[in-house]
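*Asks:* In our numbering, the protein residues as written are 26 to 439.
Ideal placement from N, C-alpha and C gives every residue a C-beta, glycine not left out.
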């Protein structure tokens, strides 16, 4: 592996320190740093590998660090620098001489400590790696112990371990071919892409940047298609996509509707609405109408008398099904989140029900794996709203299906 430019390591350290001190997602920090420093695609990919590889393994790195470092009161920046260095040596398998030398160069007054620790890690890499076999699944995969226990209770020990291991791998890149583009990709053009079980979706080893920029395809995990397929919108209908940003599902719905009818694309944050508008325009979606609305509050007058044929509620959730892709999630969750999310999801569902025509259908979906946000929400909703009946549920489980986790339930209003 080639030596990583020094600025990539410097930026990685800056991002990790800022990530701990803020609520900003790591992916957003990486994107901002890449734009600010005008990194090319290769250096951006290396920066992402450094940051995400470290964040995925915080607990494991600290277990190793405790074995090789007597100083247990490290400054924040030094602590992250050592985590970053150990991750490169033991997990990312980067050249030891480059890792040690360039990491020490960033250490300032802690040069001696950092040099000694990383050289010891390099000498003792075999026993340190062997130590992983004696760790619990939560420690080995750097998941909060309460979360690993929660999954073990819900899915069983083997599935929970498989899920934790899944979260440790870099996420695959998937794209959906956009049939609404004036020049859709031809069968010959998509030959380099790997087809999967969802028609029109492909796994891409190399990101097709020109196609993405022009709107000929859209980066989208196949799990997102589950709720859209279940909703089954028809050309000419009026659809409400209640929590639509950044617009990937709305664009897929528009494609299924052949750009005929109307989709009310909603979000509560204007910044997200602006980004969604850009995405929909790039994907040549002509039937979307953006509206800013907070479904936790009473409906404003603009919604008076609105009746739609179908509703897609891709509800805010804990994101436990996409932790492989959103590395920050595991460190920003606590057990109370599931209760808070369930209350929010129930509130939004109840607010939306008057907007659905009699005989209309509603799909409730999340990218959560937890019953408390999925099956339990539907069960309690049906008790409170006997005018609805459950038609079907579908789900994807990462360790079983090989892509992000998702849940969707189709409800019919009688």
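In three-state terms, what does DSSP make of residue 63?
*Replies:* In this structure, residue 63 counts as coil in the three-state DSSP scheme.
*Asks:* Given this structure, state the Cα-to-Cα distance separating residue 203 from residue 218, to the nearest angstrom.
*Replies:* Their Cα atoms are separated by approximately 14 Å.
*Asks:* Give me, in chain order, the residues of the same chain whose beta-carbon lies closer than 7 Å to that of residue 136; leave out the 5 immediate sequence neighbours on both sides.
*Replies:* These residues qualify, in order along the chain: 129.
*Asks:* Along the alpha helix (DSSP H) that carries residue 102, what are the first and last residues, could you check?
*Replies:* Unbroken alpha helix (DSSP H) run through residue 102: 101 to 111.
*Asks:* Which parts of the stretch 162 to 199 are runs of the alpha helix (DSSP H), unbroken and 4 residues or longer, counting only runs that do not cross its ends?
*Replies:* Here the runs fully enclosed are 162 to 165, 170 to 180 and 182 to 192.
*Asks:* Can you tell me the Cα-Cα spacing of residue 177 and residue 383, whole angstroms?
*Replies:* Answer to the nearest angstrom: the Cα atoms are 41 Å apart.
*Asks:* For the 8 Å Cβ check, are there 3 or more pairs between the stretch 36 to 53 and the stretch 340 to 353?
*Replies:* Yes: at least three Cβ pairs fall under 8 Å.
*Asks:* Assuming residue 244 contacts residue 223 under a Cβ cut-off of 8 Å, what Cβ separation, rounded to an integer in Å, is found between them?
*Replies:* The Cβ separation is near 14 Å, so there is no contact.
*Asks:* Could you tell me which uninterrupted beta strand (DSSP E) segments, each at least 3 residues in length, are contained entirely in the stretch 344 to 403, listed from first to last along the chain?
*Replies:* Counting only runs of 3 or more, we get 381 to 391.
*Asks:* Applying the criterion that 16 or more other CB atoms from any shown protein chain within 10 Å of the CB defines a buried residue, is residue 171 buried or exposed?
*Replies:* Exposed is the call here.
*Asks:* Ignore the nearest five residues each way along the sequence and tell me which others in residue 256's own chain have a CB closer than 6 Å to its CB.
*Replies:* Contacts found: 335, 337 and 388.
*Asks:* Would you call the stretch 270 to 289 and the stretch 207 to 214 in contact, with 3 or more CB pairs under 8 Å?
*Replies:* They do not touch, by the three-pair rule.
*Asks:* Closer than 6 Å by C-beta to residue 376: which residues in its own chain qualify, once you throw out the five before and the five after it? Chain order, please.
*Replies:* Correct list, in chain order: 320.
*Asks:* Grouping DSSP H, G and I as helix and E and B as strand, with all else coil, what is residue 30?
*Replies:* Because residue 30 sits at a pLDDT of 47, beneath the cut-off of 50, its placement in the model cannot be relied upon, and the following sentence gives the value as read from the coordinates. Coil.
*Asks:* If you reduce the DSSP assignment to three classes, tell me which class residue 125 lands in.
*Replies:* Residue 125: helix per DSSP, three-state reduction.
*Asks:* By Cβ distance below 6 Å, which residues in the same chain neighbour residue 310 in space, the five residues on each side in sequence not counted?
*Replies:* Result list for residue 310: 276 and 279, in chain order.
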